[in-house]
Amino acid sequence: MRATEISAGVSAIIPTYNRRELVQRAIDSVLAQTHAVDEIVVVDDGSTDGTGEALAARYGDRIRYHWQPNAGVSAARNTGMSIATGRYFALLDSDDLWRPEKTARQVEWLDAHPDFGLVLCDVVRVDDAGQPYDVFVRREVLPEDGWALRWLLLNPSLVPASAMFRREVFETCGGFDVSLRTAEDIDFHLRVARHWKIGVVEDSLVDALRGQDTGLSAEATTYDDYVKVVERAVADAGDSVDEDIRREALAVTYARNARGMLIRRRWRDALRLWRAARAHATMGESRRMVRELVPFAARRLLHSALRRG
1 MRATEISAGV
11 SAIIPTYNRR
21 ELVQRAIDSV
31 LAQTHAVDEI
41 VVVDDGSTDG
51 TGEALAARYG
61 DRIRYHWQPN
71 AGVSAARNTG
81 MSIATGRYFA
91 LLDSDDLWRP
101 EKTARQVEWL
111 DAHPDFGLVL
121 CDVVRVDDAG
131 QPYDVFVRRE
141 VLPEDGWALR
151 WLLLNPSLVP
161 ASAMFRREVF
171 ETCGGFDVSL
181 RTAEDIDFHL
191 RVARHWKIGV
201 VEDSLVDALR
211 GQDTGLSAEA
221 TTYDDYVKVV
231 ERAVADAGDS
241 VDEDIRREAL
251 AVTYARNARG
261 MLIRRRWRDA
271 LRLWRAARAH
281 ATMGESRRMV
291 RELVPFAARR
301 LLHSALRRG
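At position 64 of the sequence shown the residue is numbered 64 (this note's numbering), and the sequence of numbers has no breaks.
If you want it as structure tokens, here you go:
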């Protein structure tokens with residue numbers, strides 16, 4: 001059977017790299033679903049810690065294991081989607097977990113909304129010890145189901161493990177941008193929002209490991225990639241989103257990432273983004289963010305000076 005033929009209902013796609021123990025927890029959470037997942041595709045992105053041997057011994061033919069030379073998480077996700085046979089794709093990073101009702105709730109939602117491409121859910125953020133410390137409530141970002149681009153330009157956050165989407169979304173929008181070191185998830189989210197309606201299951205169905213300053217999202221390039229992705233999405237949105245929203249999206253993005261630049265002590269980049277934010281700010285939220293950057297910058301500069309002293 002060719003990989004492009006559809007034979008399964010739900011394909012879980014799990015990229016992993018040198019996470020032999022963590023990925024087993026992720027797989028176990030898929031196997032524990034109240035609605036059985038038809039196919040578990042694990043893409044090993046060049047692990048050297050014995051991941052393949054461990055998974056073969058524990059799961060055998062209950063998973064589809066694919067090894068590839070290390071190419072990054074985006075390439076691994078894309079490989080998984082290209083070989084998956086399901087009509088619904090569900091992503092799961094190897095350090096995240098699905099709660100037992102996740103698949104059932106999202107399949108039910110997509111079945112009931114045939115004109116929607118993707119459905120999300122709330123996410124419980126947990127620390128390195130597995131203790132919850134926050135909940136990402138999707139309705140705070142996406143207040144209504146449907147054409148969501150105008151909302152997502154203002155805050156395109158995406159936890160890939162919270163998404164289930166139709167195969168056609170991958171076929172029409174493509175996969176994750178392998179040229180991006182970070183922010184590939186929000187880039188994918190924004191591209192999907194241009195072409196498909198997006199909905200939300202209002203329940204916490206995912207536990208996501210988000211330790212302090214760990215993972216790719218903690219890298220300095222995160223801010224550069226974020227700005228690049230949103231600027232591109234705003235340009236691509238054209239007249240489908242009101243000009244005021246497009247300007248506000250840029251202002252909020254510049255202000256948000258200027259703050260990150262200040263934390264990284266990239267003073268000139270922070271100043272450049274602050275000026276861009278001030279030039280684009282037209283609404284209350286972005287103006288507030290621009291104003292708050294001034295005392296924040298002063299505190300960061302003072303802190304840096306004291307450390308040097």
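Glycine included, every Cβ here is placed at the ideal spot set by N, Cα and C.
The model shown is predicted, which means the values in this text are computed figures rather than measured ones.
Shown here for L22: same chain residues with a beta carbon closer than 6 Å to its own, the five before and five after excluded, namely S94, D95 in chain order. The three-state secondary structure of Y88, taken from DSSP, is strand.
A residue is called buried once 16 or more other Cβ atoms fall within 10 Å of its Cβ, and D115, having fewer, is exposed. Nearest to A249 by C-alpha distance, out of V169, K228, A305, R19, is K228. Collapsing the DSSP output to three states places S179 in coil. When secondary structure is reduced to three states using DSSP, S204 falls in the strand class.
Counting C-beta pairs with one atom in each stretch, the segment 192-206 and the segment 103-122 have three or more that are closer than 8 Å, which means they touch. M164 is bridged by DSSP to A90, V119. Under the three-state reduction of DSSP output, E101 falls in the coil class, being neither helix nor strand. Assigned with DSSP and collapsed to three states, P114 falls in coil, not helix or strand. With fewer than 16 other CB atoms across the displayed protein chains lying within 10 angstroms of its CB, N70 is exposed. In summary, W67 is exposed, with fewer than 16 beta-carbon neighbours lying within 10 Å of its beta-carbon over all protein chains present. Separation of E231 and L120 (C-alpha to C-alpha, rounded to the nearest whole angstrom) is 24 Å. Leaving aside the five residues that flank A276 on each side, the residues in its chain whose CB is nearer than 6 Å to its CB run, in chain order, Y254. Going by C-alpha positions, G130 is about 43 Å away from G238.
Scanning R167, R246, A161 for the CA closest to the CA of R99 turns up A161. DSSP, reduced to helix, strand and coil, places G9 within a strand of the structure shown. In terms of Cβ geometry, V192 and G117 form a close pair [threshold 8 Å]. By the 16-neighbour rule on beta-carbons within 10 angstroms, E171 is exposed. Following the DSSP letters along the chain, one finds W67 inside the beta strand (DSSP E) bounded by residues 64-67.
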